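Engineer: My questions all concern the structure below.
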Amino acid sequence: MIGMAALLTVGLAAEMALIQPGELAAQLAAKGARPAIFQVGPHVLYRGKHIPGAIYAGPAGKPEGFALLKETVGMLPRNREIVLYCGCCPWSHCPNVKPAVALLKEMGFTRVKTMYVETDFAKDWTDKGYPVEMGTVQK
């Protein structure tokens with residue numbers, strides 16, 4: 000059973016639509032429609048610094064975070080552009096983005112992207128001078 004889950008996770012990773020941090024920063028700086036952005040990692044990261052306008056949706060690798068993400072996106076149109084990110088650790092070890100993408104696909108969302116955070120949020124976003132805001136949970 001665990002082997003099958005690992006294969007599904009690897010398959011899902013290959014199917015994920017990725018957006019690079021610089022691409023997302025440019026999209027946010029441009030005029031026009033913006034994606035709904037959800038941080039699906041630990042709350043401490045969101046509280047410290049997060050992408051402006053991002054909504055905290057809980058660590059999707061844990062049952063309570065998974066439930067919060069489902070509740071948070073529940074009323075959005077299924078064709079809404081969504082960007083998910085975590086930033087807790089290197090991409091290859093992140094326990095949150097893959098379950099989040101899988102959930103949104105199961106819910107019928109068709110325009111889901113994941114921001115590729117190669118190392119962590121600080122190095123791949125904050126240290127590059129992309130915009131951040133600090134604060135508590137937005138709903």
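In terms of numbering that gives the first Met the number 0, the sequence shown opens at residue 0 and continues consecutively. Just so it is clear, CB atoms sit at the ideal spot from N, CA and C, and this is done for glycine as well. Just so it is clear, the structure is predicted and the values come from calculations on it, not from any experiment.
(1) Check Leu7 in the structure and name its three-state DSSP category.
(2) In this structure, does DSSP put Gln19 in helix, strand or coil?
(3) Would the beta-carbon of Ile81 fall within 8 Å of that of Val111?
(4) The ligand NAP and Asp123: does any heavy atom of the ligand fall closer than 7 Å to the residue's C-beta?
(5) The alpha helix (DSSP H) spanning Val111 covers which residue range?
Structural biologist: Once the coordinates are examined:
(1) Because Leu7 sits at a pLDDT of 45, beneath the cut-off of 50, its placement in the model cannot be relied upon, and the point is left open.
(2) coil
(3) yes
(4) This structure does not include the ligand NAP; it has no bound ligands of any sort.
(5) It is not in any alpha helix (DSSP H) - Val111 instead sits in the beta strand (DSSP E) that spans Val111 to Met114.
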